[in-house]
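Chains as they are written, first to last, in the numbering used here: chain A, 1 to 219; chain B, 1 to 211.
From the three backbone atoms N, C-alpha and C, an ideal C-beta is built for every residue, glycine too.
Predicted model, so just to flag it, every value in this text is computed and none were measured.
Report on the following structure.
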Amino acid sequence: MNGGQDLGGTHGHGPVKPEPNEPVFHGEWEKRAFALTLAMGMPGGWNIDMSRFARENRPPAEYLSMTYYQIWFAALVTLLKERGLAADDEIVAGHSLHPPKPVKRILSPGDVAKMLHRGGPTERDTNTAAAFKPGDRVRTKNINPLTHTRLPRYVRGHVGTIERVNGCHVFPDSNSTGAGENPQWLYTVRFDGRELWGAGSDPTIRVSIDAWEPYLEAV
Amino acid sequence: MSDHDHDHHHDHDHSELSETQLRVRALETVLTEKGYVDPAALDLLIETYEKKVGPRNGARVVARAWADLAFRARLFNDATPAIAEIGYAGRQGEHIVALENTPKLHNMVVCTLCSCYPWPVLGLPPVWYKSAPYRSRAVADPRSVLADFGVTLSNDTEIRIWDSTAEIRYLVVPMRPAGTEGWSEEKLAELVTRDSMIGTGLPKSPKEIAK
């Protein structure tokens with residue numbers, strides 16, 4: 001979606017402000033919001049692409065006025081409500097008011113290290129051949145889906161060069177809607193800065209994205 | 001993402017934060033009562049990223065790449081198994097690519113769409129990495145972003161920006177500072193800053209850590 005999250009090349013956000021000796025979390029609630037989000041992945045049953053869509057799918061003004069963990073927390077509430085795992089009246093009351101829905105598994109303390117170490121690899125076996133190879137010139141498609149995509153606006157319709165072939169990976173545009181993993185070849189595509197930002201821009205800049213094959217066409 | 005330094009926003013932000021604090025606490029109680037989360041598992045998740053997983057991990061990887069040429073070759077050939085040799089792997093680092101800085105090429109990593117970051121080697125991302133100023137400008141005007149960090153590169157250095165739009169995670173391997181010949185990996189690791197592994201900073205000089 002062309003939402004508030006798609007920030008590459010937008011203007012007016014001001015300077016970057018590094019915080020000296022920044023703590024990992026700013027306050028207790030950030031810790032709990034972070035941990036709840038990670039722990040609920042297992043019983044909740046959603047995938048990372050559904051989580052990302054739940055975070056970005058809000059009015060841009062709202063997205064830009066929230067802190068990052070506020071966005072995470074709001075998305076967690078959305079995902080829980082969508083699946084009937086928690087309801088607004090319960091969050092207001094601060095207690096469970098409805099019988100729990102059965103869930104497959106919950107995260108036990110003994111499983112935390114294992115879950116983190118395993119992670120969620122997205123590379124999949126395939127018997128298809130990659131359409132592109134390093135050095136090939138490609139153009140990104142002009143797509144504007146209302147649903148989740150990982151093709152940022154600032155590269156759409158531009159010509160770049162395939163730099164790496166990263167294997168076949170779960171396709172977020174499908175996975176985020178529940179349409180399945182639909183694995184696709186994933187490439188690192190490099191663009192000249194002037195191709196993206198115009199002839200007057202810094203000639204020393206090159207920018208790459210990681211792009212699934214359905215985002216690309218041969219030039 | 002909101003700018004808490006704006007005075008006119010202060011009261012507004014403060015009350016919204018309290019509201020968030022209450023809602024997070026309420027939700028944890030609801031989910032615990034329903035049997036969906038075990039608070040001890042939450043504590044362990046927090047402890048892991050507060051105490052165990054952080055940029056010291058990445059610093060060890062970089063220091064080894066500086067000191068051990070065979071490791072360096074494995075790291076640039078296929079970073080995920082090379083980093084796993086040191087014991088770092090897993091969530092948000094399932095597919096890692098190491099990027100080599102040279103006198104002619106400076107690498108910098110961003111996620112314009114969200115906050116993708118190599119957790120096993122750098123820990124959780126700082127607020128600025130997830131902020132609109134960084135995500136908007138890193139891909140269009142990286143020299144001005146570097147200026148915000150007090151870093152100036154020569155005008156003929158190529159700046160290579162890696163926008164982490166998929167599940168590939170990038171780790172910058174900065175150039176080894178001069179005057180460190182014969183140093184142990186432990187001592188070299190002290191020179192490696194978090195920002196130098198994102199590309200918004202440079203490693204410390206031997207002088208800086210001697211102070």
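Query	Result
What distance in whole Å lies between the Cβ atoms of R139 of chain A and E217 of chain A, which are believed to be in contact at a cut-off of 8 Å?	5 Å
Please list, in chain order, all residues of the same chain as D5 of chain B whose beta carbon is under 8 Å from its beta carbon, the five residues on each side excluded.	For D5 of chain B, the predicted structure reports a pLDDT of 42, less than 50, and the residue's modelled location is therefore unreliable. A value from the coordinates is still provided. There are no such residues.
Can you tell me whether P121 of chain A is buried or exposed? The criterion is at least 16 other CB atoms within 10 Å of its CB, across all chains shown.	exposed
Any beta carbon from chain B within less than 9 Å of T177 of chain A's own beta carbon?	no
Would you mind telling me which residues of chain A sit closer than 9 Å to P203 of chain B, beta carbon to beta carbon, in chain order?	By Cβ distance, chain A contributes nothing, its closest Cβ being about 16 Å from P203 of chain B, past 9 Å.
Would you mind working out which of B:E33, B:E19, B:L188 and B:G182 sits nearest A86 of chain A, comparing C-alpha positions?	B:E33
If you follow the alpha helix (DSSP H) that Q70 of chain A is part of, which residue opens it and which one closes it?	Y68 to E82
Within 10 angstroms of the Cβ of I162 of chain A, are there 16 or more other Cβ atoms? Answer buried if so, exposed if not.	buried
Below 8 Å on C-beta distance, what does E28 of chain B contact in chain A?	R32 and L36
Could you give the distance in angstroms between the alpha-carbon of H11 of chain A and the alpha-carbon of Q5 of chain A?	13 Å
Please name the residue, chosen from A:A35, A:H158 and A:A129, that lies closest to I143 of chain A on a Cα-to-Cα basis.	A:H158
When the Cα of E123 of chain A is compared with those of B:G199, B:R60, B:P206 and B:I96, which residue comes out closest?	B:I96
Hey, P120 of chain B and A98 of chain B: beta-carbon distance below 9 Å or not?	no
Check whether the Cβ of V77 of chain A lies closer than 9 Å to any Cβ atom in chain D.	In the structure shown, chain D cannot be found, because the protein chains are A and B.
Inspect the beta-carbon positions of G35 of chain B and R194 of chain B and report whether they are closer than 9 Å.	no
Counting along the chain, where does the beta strand (DSSP E) carrying H95 of chain B start and finish?	H95 to E100
Could you pull the DSSP bridge partners for W168 of chain A from this structure?	Sequence check: residue 168 of chain A is Cys here, not Trp. A:W185, per the DSSP bridge assignment.
Output needed in chain order: residues of the stretch 109–128 of chain B with a Cβ under 9 Å from some Cβ in chain A.	V110, T112, L113, C114, S115, W119, P120, G123, L124, P125, P126, V127 and W128
Pull up the distance between the alpha-carbon of Q92 of chain B and that of R194 of chain A, whole angstroms please.	31 Å
What does DSSP give as the partner residue(s) for L171 of chain B in the beta ladder?	B:A98
Does the beta carbon of G27 of chain A come closer than 9 Å to any beta carbon on chain B?	yes
Going by other Cβ atoms of all chains shown within 10 Å of its Cβ, with 16 needed for buried, is A210 of chain B buried or exposed?	exposed
Do T48 of chain B and L107 of chain A have their beta-carbon atoms positioned less than 9 Å apart in this structure?	no
Under 7 Å, CB to CB, which of the residues in the stretch 172–199 of chain A have a partner in chain B?	L186 and W197
Give the range of the beta strand (DSSP E) segment to which L105 of chain B is assigned.	L105 to V110
With A75 of chain A and R105 of chain A assumed to form a contact (beta carbons below 8 Å), what rounded beta-carbon distance in angstroms separates them?	With 8 Å as the limit, A75 of chain A and R105 of chain A do not qualify as a contact, their Cβ atoms being about 21 Å apart.
When burial is assigned at 16 or more other CB atoms within 10 Å of the CB, is H169 of chain A buried or exposed?	buried
Going by the C-beta, is V77 of chain A closer than 8 Å to any heavy atom of the ligand COA?	In the structure shown, the ligand COA is absent, as is every other ligand, since no ligand is present at all.
Mind reading off the beta-carbon distance from T165 of chain B to P152 of chain A? Whole number of angstroms is fine, and I expect it under 8 Å.	7 Å
Where DSSP assigns a beta bridge to L107 of chain A, which residues make up the other side?	According to DSSP, which records beta bridges pairwise, L107 of chain A is partnered with nothing at all.
Which residues in chain B have a C-beta closer than 9 Å to the C-beta of M40 of chain A? List them in chain order.	L31, Y36 and V37
Just to confirm, are R135 of chain B and V110 of chain B a CB contact at a threshold of 9 Å?	yes
Quick one: which chain B residues come within Cβ less than 8 Å of T122 of chain A?	E94, H95, A166 and E167
Would you call the stretch 51–67 of chain B and the stretch 179–191 of chain B in contact, with 3 or more CB pairs under 8 Å?	yes
List in chain order: all unbroken alpha helix (DSSP H) runs of 4+ residues lying wholly within the stretch 146–201 of chain B.	185–189 and 194–198
Just how far apart, CA to CA, sit P55 of chain B and E22 of chain A?	12 Å
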